[in-house]
Structures are given as structure tokens and as C-alpha cells.
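Chains as they are written, first to last, in numbering that gives the first Met the number 0: chain A, 0 to 384; chain B, 0 to 384; chain C, 0 to 173; chain D, 0 to 173. Cβ coordinates follow ideal geometry from the N, Cα and C atoms, glycine included. Contents: one structure, followed by commentary.
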Amino acid sequence: MNTRTYLDNAATTPLDPEVFAAMLPYFQRKHGNASSLHEEGRQARKAVEDARRLIAEALSWDPEGIVFTSGATEADNLAIFGLARSRPDRRHIICSAIEHHAILHPCDWLEQQGYRITRIPVDTTGRVNPQSIADAIDDQTLLVSIMAGNNELGILEPIREIGELCRARSVLFHTDAVQAFGRVDLPTESTDLISLSAHKLHGPKGVGALAARPGMRLVPLVHGGGHERGVRSGTENVHGIVGFASACRLMVERRETLVERLSGFRKQLIDGVLRIPGTRLNGDRSGSLPHIANFSFAAIEGESLVMKLDERGIAASTGSACSSPNLEPSHVLQAIGVPIEMAHGSLRLSMGQQTTQADIDTLLRTLPGVVEDLRSISPFKLGDS
Amino acid sequence: MNTRTYLDNAATTPLDPEVFAAMLPYFQRKHGNASSLHEEGRQARKAVEDARRLIAEALSWDPEGIVFTSGATEADNLAIFGLARSRPDRRHIICSAIEHHAILHPCDWLEQQGYRITRIPVDTTGRVNPQSIADAIDDQTLLVSIMAGNNELGILEPIREIGELCRARSVLFHTDAVQAFGRVDLPTESTDLISLSAHKLHGPKGVGALAARPGMRLVPLVHGGGHERGVRSGTENVHGIVGFASACRLMVERRETLVERLSGFRKQLIDGVLRIPGTRLNGDRSGSLPHIANFSFAAIEGESLVMKLDERGIAASTGSACSSPNLEPSHVLQAIGVPIEMAHGSLRLSMGQQTTQADIDTLLRTLPGVVEDLRSISPFKLGDS
Amino acid sequence: MYNEQVMEHFREPRNHGKLARYSAVGKVGNILCGDVMWMYILVERAENGEDIIADISWETFGCTAAIATSSMVSVLAKGKTVDEAITITNSQVAAELGGLPAPKMHCSSLAADALNEAIHEYFIAEKRPIPATLEQRHERIARHRKELEDRYAGFLDQGDRKQQIKGLPGSPCC
Amino acid sequence: MYNEQVMEHFREPRNHGKLARYSAVGKVGNILCGDVMWMYILVERAENGEDIIADISWETFGCTAAIATSSMVSVLAKGKTVDEAITITNSQVAAELGGLPAPKMHCSSLAADALNEAIHEYFIAEKRPIPATLEQRHERIARHRKELEDRYAGFLDQGDRKQQIKGLPGSPCC
Ligand SMILES: Cc1ncc(COP(=O)(O)O)c(C=O)c1O
Ligand SMILES: Cc1ncc(COP(=O)(O)O)c(C=O)c1O
Ligand code: FES
Ligand code: FES
């Protein structure tokens with residue numbers, strides 16, 4: 000594993016050494032429970048509250064509204080269920096067809112309970128048309144949830160416009176900013192709830208947050224000792240929270256240079272990969288997150304493509320059916336209408352702060368041969384169809 | 000903080016150095032997402048599944064039934080809500096009056112939704128009478144939840160008997176074994192669900208588990224990517240899970256010597272503290288967890304007692320009203336009927352594997368003076384009442 | 000949680016204990032709620048005819064904040080005229096201590112109330128006309144005490160302080 | 000996830016590609032489900048009169064397991080008599096590979112099915128009586144293909160393979 004090329008940073012990012020250094024004191028030396036009265040407890044409490052302030056600052060948010068969770072999946076669930084249970088009179092939710100499962104599955108569950116769920120379709124690049132959201136809002140609408148940037152395609156959604164139109168219609172607006180935070184500007188002033196996850200930001204796994212407007216009533220998913228102002232009980236994951244805050248701060252600090260570098264790499268990736276015959280870009284060249292690019296290759300299947308790349312030292316991912324535990328293809332690729340023979344052969348390349356020019360070169364040097372190998376054993380030939 | 004005496008291990012324990020060493024590779028070098036296909040992902044998956052097996056072994060449980068959560072608060076909630084939502088026909092739950100809030104508050108919530116909740120009273124030592132559970136079970140009973148060992152008093156509940164009588168009546172039995180696991184034998188064969196938390200076992204904060212009989216249907220609290228066999232979605236906290244497993248293994252390995260040592264310390268604590276006039280032991284000398292002892296001191300208040308001890312380098316905790324954010328006294332001390340003038344002056348001392356004879360000596364040397372100081376400024380005198 | 004000033008008064012409380020000789024004592028709080036404060040004052044007539052709090056002390060059963068605010072109230076009142084002492088408010092006590100955590104603000108009102116009650120008792124004993132603000136505050140304190148006693152009546156069982164407190168809501172463990 | 004044997008066949012697949020000369024081809028799978036396997040066999044009459052699978056090759060669109068099982072089936076069948084080759088089952092294929100992850104077991108059936116179909120086509124072409132097990136399996140495979148085609152009919156739009164696959168359920172991202 001010495002010279003691996005890790006291009007799956009949308010799945011998870013390696014922990015930043017500086018983040019790890021920030022966490023280090025909280026494993027053994029400062030091990031207190033943040034609810035304890037004594038010195039050890041006060042130290043932990045201070046760490047948690049300092050972290051809350053740091054994250055609030057990075058988001059331009061009121062610290063009172065930051066609720067720490069075990070990750071963005073929980074944050075997304077808390078947004079959906081927390082609001083649904085606090086406002087049972089409103090039984091209509093609007094989301095996009097390409098939300099993460101952490102949004103779609105809570106919505107599916109509510110639909111079974113009799114909620115109306117409007118899943119807004121996207122265009123062939125993956126973009127939601129704000130007008131279709133305006134059209135879908137009615138006086139039963141509890142919440143509009145549209146992700147800021149899509150984790151498979153990298154496409155950015157027009158969340159500023161959507162947030163503003165929700166505000167004008169007095170409907171709450173949530174955005175899953177797991178991939179977008181620290182990479183693009185978020186229109187926090189027109190957003191009511193934001194989900195974040197530390198491990199997508201070179202922070203630790205197992206911690207995230209829901210930022211909610213202070214005072215917004217959310218019924219907890221997890222009841223107990225009354226932590227996090229009663230919205231999320233459970234002993235605080237102090238080292239995780241400290242690492243999360245440190246990661247947020249670093250993302251904001253480094254954003255400008257990072258985005259510039261990754262945008263350059265992304266262009267190289269797109270130009271280079273599209274030179275391979277029978278290839279298509281899923282998503283769009285522009286209006287995208289800087290770190291994610293998604294492709295499809297005719298006549299080959301994505302799982303075997305990822306495995307061949309892995310054999311050559313490159314980590315990437317795919318939305319192919321064969322790669323999923325239940326053998327169902329990516330709902331995102333379906334939603335943008337990728338042609339059948341292309342849908343199974345998708346490849347997501349995603350970069351992090353540690354990504355180098357050498358990584359890009361390695362990928363572009365290796366990928367054509369791998370694609371060719373797999374095509375040479377495929378019953379479909381490029382000229383086909 | 001160099002020579003602190005940490006006697007609040009029931010609140011949280013310092014991370015074991017060996018546990019930390021086990022976690023270390025999973026922060027930076029092995030940073031993959033356990034759902035990813037590639038080498039980094041497979042490494043993470045292996046770590047998670049190895050951990051699941053280790054914990055299952057430590058519990059004598061089927062690994063298929065181990066669901067990783069963000070801690071025991073979530074595990075307790077998942078047991079209560081997960082079952083309630085999967086079996087909506089049964090709307091009666093039995094628990095003890097001295098369960099942790101992570102059990103009581105989900106029950107309170109269900110009660111608001113129309114469930115019947117029977118909160119079994121305890122005797123003056125904190126013990127549940129199994130007969131009163133047998134009497135409370137009816138054909139609507141979904142679940143009996145009785146903790147294995149109480150976190151405030153240390154008292155052990157007769158969970159083997161309770162589990163067996165539940166089994167005989169075909170009612171599911173859950174136990175919160177957060178404090179008891181690794182310290183006493185658990186009757187796993189007569190238990191259907193068990194909650195655990197890593198940070199109470201010298202493992203990391205932010206991770207725990209619900210062990211459920213394999214195949215038992217639990218409706219998830221958190222829906223999404225379908226992790227943990229669909230019962231608990233969210234990217235796995237790999238380093239946390241690895242640390243949790245390591246901690247469980249060490250607890251089991253060291254249990255015999257640890258329990259012997261701590262039981263000896265506990266006896267010294269009880270003998271020594273009761274020598275202070277106007278003192279009472281809450282709980283019981285025997286039939287208790289080896290690491291927890293709870294006392295009350297007449298005429299003084301617990302928060303100021305804990306703060307005075309803290310000033311002298313000793314970390315402990317109290318169930319006093321003044322120490323709680325909402326100024327309500329411990330429901331556990333209330334449930335065992337601690338006399339009023341004693342209820343406010345409680346002190347919980349709890350030990351961990353790092354506790355030494357010197358810690359016990361320090362406490363016993365320091366406490367009498369601190370109690371006397373506070374009594375000297377109290378309007379109540381010992382002879383009173 | 001507590002600032003250094005609070006901790007300093009907690010560590011080295013000023014004027015604690017019971018005065019050997021005192022003019023009046025103000026008793027506030029309730030053992031059931033977990034805080035009880037007794038404030039002793041010794042009032043002396045100065046040469047200019049003013050009533051001076053020549054000495055003051057207190058006994059407190061309560062938390063760190065309760066002890067620190069008792070101490071601070073005694074410092075603030077000592078040497079003041081009774082008329083000046085009446086004007087000491089709980090927010091002043093908290094402010095002099097550099098602030099208190101939100102859930103602990105009530106402790107500062109407890110200390111200021113105890114002083115108020117001591118002075119009120121002094122006025123009664125001296126059969127002096129009671130200033131309106133003093134009386135109003137006294138009535139508020141009495142009302143509050145009555146409320147508490149009613150709330151906990153079930154547990155008090157006619158003055159038996161040994162009565163057990165089963166059934167109060169909530170808890171602070173972790 | 001995959002064991003070393005599977006990975007070895009994936010890395011160095013045996014007998015892949017299209018035979019220059021073949022007696023029959025078996026085609027199974029469906030592009031909509033993401034796996035398609037074509038198995039080519041060259042059958043030769045041995046001196047003792049037996050039909051031998053003298054050469055075999057395959058083309059596969061599918062996952063690692065699909066590729067490895069294609070490779071393994073070709074290895075197992077090569078040089079066998081047709082009658083022997085008929086008896087190769089998918090569990091045998093998986094076992095020879097040292098096992099497959101549970102969700103990938105169907106890939107091994109795909110490979111064994113492709114061989115079955117090739118042999119079935121050969122029997123038809125040779126106008127030979129078709130053994131009952133071969134025919135049963137052929138019918139099962141045909142039924143399954145029909146089911147899949149029905150299930151995806153909406154997306155297929157009368158043979159237009161370019162049709163988009165909007166609306167299939169689920170996804171594998173993380
Ligand atoms: C857009 C998006 N939302 C939510 C999640 C879930 O976050 P977590 O892994 O913290 O549960 C992910 C990644 O898994 C994501 O990419
Ligand atoms: C008995 C008991 N149950 C549950 C919990 C909650 O566990 P966690 O801190 O992992 O949320 C605790 C401690 O906080 C406990 O002592
Ligand atoms: S071909 Fe799709 S899972 Fe094997
Ligand atoms: S005396 Fe109880 S909170 Fe201060």
C-alpha cells in the first residue's frame with residue numbers, strides 16, 4: 000500500500016495530521032465526560048463548546064443552532080424526522096431525486112406513514128430546476144431538502160435560489176452540504192438547516208452536525224440525558240467533535256488554494272478521460288464541485304473496472320449495480336438518464352487535499368489500458384448498438 | 000493536573016493505551032470507508048467485521064446480532080423504539096424506576112403516544128423484585144428493560160431471573176449492561192437485547208452497540224445507506240469500532256484480577272467513608288458492581304462537595320439537584336427513598352482499571368476534612384432533626 | 000463553569016458561620032429544593048444616628064454558587080447602612096462575582112433574599128416602619144416559600160424532615 | 000471480499016475472447032441487469048466417438064465474480080466430453096474458486112448457465128436428442144430471461160438499447 004493513488008475522497012478522506020494532532024490530547028490526557036462538574040469534565044465541556052463555536056464560525060451560523068451527531072446520515076435523519084415530528088400538521092416534503100439515501104430513505108419511511116413526498120427530477124446534468132420546486136410547494140409543505148453538491152456527480156444545485164424562494168413562501172429549507180462545505184460558498188443566510196460530516200473533510204469518522212436555526216424545534220431521534228440542548232442525547236464524542244472543528248477550520252483556511260488546485264486537476268481528468276473512446280462525462284464540466292468527476296465507459300461494467308484499477312494501485316468508486324450489496328444501480332445515474340449501456344460502466348474519481356499531480360498522471364496513464372483490457376473480454380464492442 | 004485522583008469512572012473512563020494503539024492505524028494509514036470496494040475499503044470492512052466478532056465473543060453472542068451505534072444512549076433508544084415500531088400491536092413496556100434516562104425518556108415519549116409504561120419500583124437498596132415484573136407482564140407487553148447494574152448506586156439487578164421469567168412468558172428482555180459488562184457475568188442466554196458503550200470500558204467515546212438476537216426485526220432510528228444490515232445507516236466509525244472491540248477484549252481478559260482489586264478498594268471506601276459521622280451508603284455493600292460506591296452526607300450539598308474535592312485534586316460526581324442542568328435531583332436516589340436531608344448530599348465514587356491504592360488513600364484522607372468544612376458553614380448541624 | 004472570582008469566594012468564604020451576637024436572622028430556601036441560607040446581621044446605631052450593619056455572617060446549605068453568593072452578599076453589606084443594604088439586588092451580587100452560569104442565577108437571588116429577610120426581621124423587631132420595597136420583596140419571598148411548601152407538601156408529611164422524597168421528577172447522573 | 004483464487008482468475012482470465020471457429024455459443028444475462036455472458040464452444044468428435052469440448056472461450060460484461068466464474072467454467076469444461084460438461088453446476092464453479100461473497104453467488108450461476116446454453120445450442124444444431132437435465136435447465140434460463148425482459152420492458156422500448164434506465168430502484172453510492 001506504499002504508493003497507492005487514492006481517488007475516492009467523496010467516500011471518505013484521510014484524516015489530516017493537524018486534525019489528528021488536535022484530537023490527540025482528548026484520548027487519554029483530557030478524557031473527561033463533558034457533563035461532569037470536575038476539572039476533567041470542564042475541560043471536555045470547553046473543548047466541545049469551543050468546537051461548536053469554531054464550526055459555527057466556519058459556517059457563519061449561530062453556535063446555539065449547531066447540534067453534534069454521529070455523522071451526516073444522522074443529521075439528515077434528524078432534519079427530516081425531527082421536523083416532521085415537531086410539526087405533524089404539515090405532511091408534505093420536497094426533495095430532489097438525487098439526494099443521498101440518508102434523505103431519501105427517511106422520506107420513503109414517512110411516505111409509508113402517509114406523507115406526500117415530491118421527488119423533483121433533475122436535468123441530464125443532475126440539476127434541479129428551482130421553478131419545479133416553486134411549483135411543488137403547497138400549504139402542506141413542511142420542508143424542502145436539496146443537497147448543495149451531489150456526492151456522485153459533483154454537480155452543484157442552485158440552493159441559493161431555492162433557499163430564497165422557500166423563504167419567500169415561508170417553507171423551511173434544508174441542504175445536505177456534506178460534499179459542498181469547505182469547497183464552495185454556502186448561502187447560509189437563506190438556509191434553515193445544514194448537514195455536515197467530518198470524515199468527508201479530512202476529519203474523523205463518526206461525527207457530524209446538523210446546523211439548525213436557533214430556537215427551531217426538532218423532536219430528537221435519540222432521547223436521554225438531555226445533551227445538545229435536549230436535541231441529541233448521549234455522551235459527547237469529545238475527540239471526534241474536536242477533530243471535526245479542526246477539520247472545518249482547516250478546510251476554510253485552505254479552501255482558496257485547494258479549490259484552485261483541485262479544479263485544475265478536475266479539468267485534466269475530464270480532458271484526459273474523455274480521450275478514451277466510448278466515454279462520457281456524467282454531470283457537467285462547470286457548475287460542479289472541484290473534487291468529484293464521474294464518467295461512464297461503454298461496454299464495460301463498473302465493479303470490475305474499480306477492481307482492475309485497485310489491482311493497479313488506484314482507489315476509485317462506481318455507481319454500478321454489481322458494486323452495491325443489493326445489486327441495484329445508482330439512483331443518481333438513473334435520474335440523469337445515463338443510457339443503459341453506459342449506466343453500468345460508471346467510475347467516480349474524487350480528490351482530496353492530499354491529491355497530487357502524480358496521482359492524476361497515474362490515473363490517466365493507467366485507465367486507458369484497464370478500460371481496453373475489460374473491453375477485450377466484453378461481448379459488446381465499441382462500434383455496436 | 001499531574002496528580003489528579005480520578006474517581007468518576009462511571010461517567011467515563013480514560014482510554015486504555017493498548018486500545019489506543021489498536022485504533023491508531025485507522026486514523027490515517029487505514030482510512031478507508033468500509034463500504035468501498037477497493038483495498039482501503041476492504042481493510043476497513045475487515046476491521047469492522049473482526050471487531051464485531053471480538054465483541055460477540057466477549058458477550059457470547061452471535062456476531063450477526065451486533066449493531067454498532069454511536070453509544071449506549073442510541074443503543075437503548077434503538078432497543079425501545081426499534082421494537083415498538085416493529086411490533087406496533089404491543090403497547091406496554093416494563094422498566095425499572097432506576098433505569099438510565101436513555102431508557103426512561105424514550106419510554107416517556109412513547110407514553111405520550113399512548114403506550115402504557117410500567118416503572119417497577121425498587122427496594123431501599125435499589126433492587127427490583129422479579130415478582131413485581133412477573134405481575135406486571137400482560138398480553139400487551141412488548142418488552143421488559145431492566146439494567147444489569149445501576150450507574151449511580153452500583154447495585155446489581157436480578158437479571159438472570161428476570162430474563163428467565165420473561166422467556167417463560169414469551170416477552171422480550173433487554174438489559175442496559177453499560178456498567179456491568181466486563182465487571183460481572185451477564186446471563187446472555189436468557190437476554191434478547193443488550194446495550195453497551197465503549198467509553199465506560201476504557202474504550203473511545205462515540206461508539207457503542209446493541210446486541211440483538213439475530214433475525215429480530217428492529218425498525219431503524221436512522222435510515223440511509225443500509226449499513227449494519229439496514230438497522231443503523233451511516234458510515235462506520237472504524238477507529239471507534241476497533242477501539243471498542245479492543246476494550247471489550249481487554250475487559251474480559253483482565254476481569255478477574257480487576258474485579259478482585261476493585262472489590263477490595265470498594266470495601267475500603269465503604270469502611271472508610273462510613274467512619275465519617277452523618278454518612279450513609281446508598282445501595283448495598285454486597286450484590287453490587289465492584290467499581291461504584293454511592294454515599295450521602297447529612298447537612299451538606301453534593302455539588303459543593305464535588306467542587307471542594309475537585310479543588311483538592313479529586314474527581315467524583317453527585318446526584319444532587321444543584322449539579323444537574325435543570326436542578327432536579329437524581330431519580331435513582333429518590334427511588335430508593337433516601338431521606339431528604341441526605342438526598343442532596345450524595346457522592347458517587349467510581350473506579351477504573353487505573354485506580355490505585357494511592358487514589359483510595361487520597362480520597363479517604365481528603366474527604367473527612369472537606370465534609371467538615373462544608374458542615375461548618377451549613378445551617379444544619381449533625382445533631383439536628 | 001464558575002469563574003475564578005466565584006471559586007475564590009467558594010474556596011475562602013468570607014464571614015461564614017453564626018454570629019455570637021446578632022440583631023436578626025433571615026432564613027430563606029428549602030431543604031427540599033436543596034438550598035437553604037441563613038443570614039445573620041448585627042446592627043449598630045452610628046454616631047450620626049444611622050443603622051449600620053456592623054457585622055454579618057451566614058450559614059448556607061447549597062452549591063458552589065450559593066456559597067459564593069452568600070459570601071459576596073456579606074462582603075457587600077458589611078459596614079453599610081441598613082438603608083443602603085436594602086438596595087443590594089441579586090443581579091448586583093452576580094455582577095460583583097463576575098457573573099454566574101445561567102442555571103445558577105437563582106442562587107444569587109437566594110443570597111440577596113436572605114439579607115432582605117434579615118433586615119425585614121430587624122425592622123419588625125425594632126418596630127420601625129417598613130420601607131415599601133423591603134416589604135414587597137418580603138412578600139414575594141414569603142409567597143415563593145409558600146409555593147414550594149405546597150409543591151412539596153406530599154413529601155413533608157407535617158414537618159417530618161425525615162420524610163422520603165420519592166417521586167420528585169428528573170435527575171442529573173451521567 | 001474476493002478470495003485470492005477469484006482475484007487470480009480476474010487478473011489473468013483463462014480462455015477469454017471469441018473463438019475463431021466454434022460449434023455453438025450460449026448467451027445469457029441482460030444488459031439491464033448489468034451482466035452479460037457469451038460462452039463459445041468448439042466441439043470435436045474424438046476417436047472413441049465421444050463429443051469433446053476441444054476449445055472454449057467467453058466474453059463477459061460483468062463484475063469481478065462474473066469474469067472469474069467465466070474463466071473457471073472455461074477451465075472446467077475444456078477437454079471434457081459434452082456429457083461431462085453438462086454436469087457442471089454453479090455451486091461447483093463457486094466451490095472451485097474457493098467460494099464467492101453471498102451477493103455474488105448468482106454470477107457463478109450465470110457462467111454455468113452460459114455453458115449450458117452453448118451445449119444446448121450445439122445439441123439443437125446437431126439435431127441430437129436433448130438430455131432431460133439440459134433441457135430443464137435451458138427452460139429455466141429462458142423463463143428467467145423472459146421475466147427480466149418483462150420487468151425491464153418499460154425501459155427497453157422495443158429493442159432500442161439506447162433507451163434510458165430512469166426509474167430503476169436503489170443505488171450503491173457512499
Ligand atoms: C451527500 C452525502 N450525504 C450524506 C452522507 C452520509 O454521511 P455520513 O457518512 O457521515 O453518515 C454522505 C456520505 O456518506 C454524502 O456524500
Ligand atoms: C447505565 C447507562 N446507560 C446508558 C448510558 C449512556 O451511554 P452513552 O454515554 O454511551 O450514551 C450510561 C452512561 O452515560 C449509563 O451509565
Ligand atoms: S455481474 Fe453483476 S453482480 Fe456479478
Ligand atoms: S443551591 Fe442549588 S443550584 Fe445553587
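Remark: three or more beta-carbon pairs, one from each stretch, lie closer than 8 Å, so the segment 63 to 80 of chain B and the segment 102 to 112 of chain B are flagged as touching. The beta carbon of Leu31 of chain D sits closer than 8 Å to some beta carbon of chain A. Here Val47 of chain B has Ala33, Glu235, Val237 and Ile240 as same chain residues with Cβ atoms under 7 Å from its own Cβ, once five neighbours each way along the sequence are excluded.
Counting of Cβ neighbours within 10 angstroms places Asp50 of chain D among the buried residues, the total reaching 16 or more. The DSSP-derived three-state label of Ile240 of chain A is helix. Against Tyr5 of chain A, the close residues of chain B are Glu39, in the order they occur along the chain (beta-carbon pairs closer than 8 Å). In this structure, the beta-carbon distance from Pro289 of chain A to Arg182 of chain A falls below 8 Å. Chain A has no Cβ within less than 8 Å of the Cβ of Ser295 of chain B.
With respect to chain C, the C-beta atom of Ala314 of chain B has no partner C-beta closer than 8 Å. Residues of the segment 213 to 227 of chain A with a C-beta atom less than 9 Å from some C-beta of chain B are Val218, Pro219, Leu220, Val221, His222, Gly223, Gly224, Gly225 and His226, listed in chain order. Below 8 Å, enough C-beta pairs join the segment 165 to 179 of chain B and the segment 141 to 148 of chain B to call them touching: three or more.
Contact with chain B is absent for Trp60 of chain A, since none of that chain's Cβ atoms lies less than 8 Å from the residue's Cβ.
Following the DSSP letters along the chain, one finds Cys94 of chain A inside the beta strand (DSSP E) bounded by residues His91 to Ser95.
Under the DSSP assignment, Tyr39 of chain C falls in the beta strand (DSSP E) whose first and last residues are Asp34 to Arg44. In chain order, the residues with a C-beta atom nearer than 5 Å to some heavy atom of ligand 4 are B:Cys321, C:Gly33, C:Asp34, C:Gly61, C:Cys62, C:Ala64, C:Ala65 and C:Cys106.
If you draw a straight line from the Cα of Ser349 of chain A to the Cα of Gly223 of chain B, it is about 21 Å long. Its Cα nearest to that of Gly368 of chain B, the residue B:Leu308 stands out among B:His330, B:Leu308, B:Ser329 and B:Thr72. In the DSSP annotation of this structure, the continuous segment of the beta strand (DSSP E) that includes Thr174 of chain A starts and ends at Leu171 to Asp175. Distances from the CA of Ala20 of chain B to each of B:Gln42, B:Pro203, B:Ala179 and B:Pro87 were compared; the closest alpha carbon is that of B:Pro203.
Residue-level contact by beta carbon fails for His137 of chain C and chain B, as no gap is shorter than 8 Å. At least 8 Å separates the beta-carbon of Ser69 of chain B from that of Ser245 of chain A. Within 7 Å of the CB of Gly97 of chain D, no CB atom of chain A is found; the nearest one sits about 17 Å away.
Taking C-beta separations shorter than 6 Å and ignoring five residues to either side along the sequence, the partners of Ile193 of chain A in its chain run Thr174, Ala176 and Ala210, following chain order. By DSSP's assignment, Trp57 of chain D forms a beta bridge with D:His15 and D:Met38. Residue-level contact check: Met306 of chain B touches chain C, since one or more beta carbons of chain C fall below 8 Å from its beta carbon. Relative to ligand 1, the nearest heavy atom lies less than 7 Å away from the CB of Thr234 of chain B. Bridge partners of Arg231 of chain A according to DSSP: none are assigned. Nearest to Lys380 of chain B by alpha-carbon distance, out of B:Ser196, B:Gln42 and B:Ala298, is B:Ala298. Proximity of chain D to Glu156 of chain A at the Cβ level (cut-off 7 Å) is not reached, the minimal Cβ distance being about 16 Å. The beta-carbon distance between Ala110 of chain D and Thr68 of chain D, rounded to whole angstroms, is 4 Å. This is short enough to meet the 8 Å contact definition. For Lys380 of chain B, no alpha helix (DSSP H) segment is defined, and its DSSP state is neither H nor E. Look at Lys77 of chain C here: in three-state DSSP terms it is coil, with no helix or strand label.
Taking C-beta atoms as the reference points, Val72 of chain D and Leu114 of chain D count as a pair closer than 8 Å. In the three-state reduction of the DSSP assignment, Tyr5 of chain A falls in the strand class, which pools E and B. As DSSP reads the structure, Gly28 of chain D sits in a beta bridge with D:Val35. If only complete runs of 3 or more residues are kept, the segment 38 to 104 of chain A shows the beta strand (DSSP E) at 65 to 68 and 91 to 95, in order along the chain.
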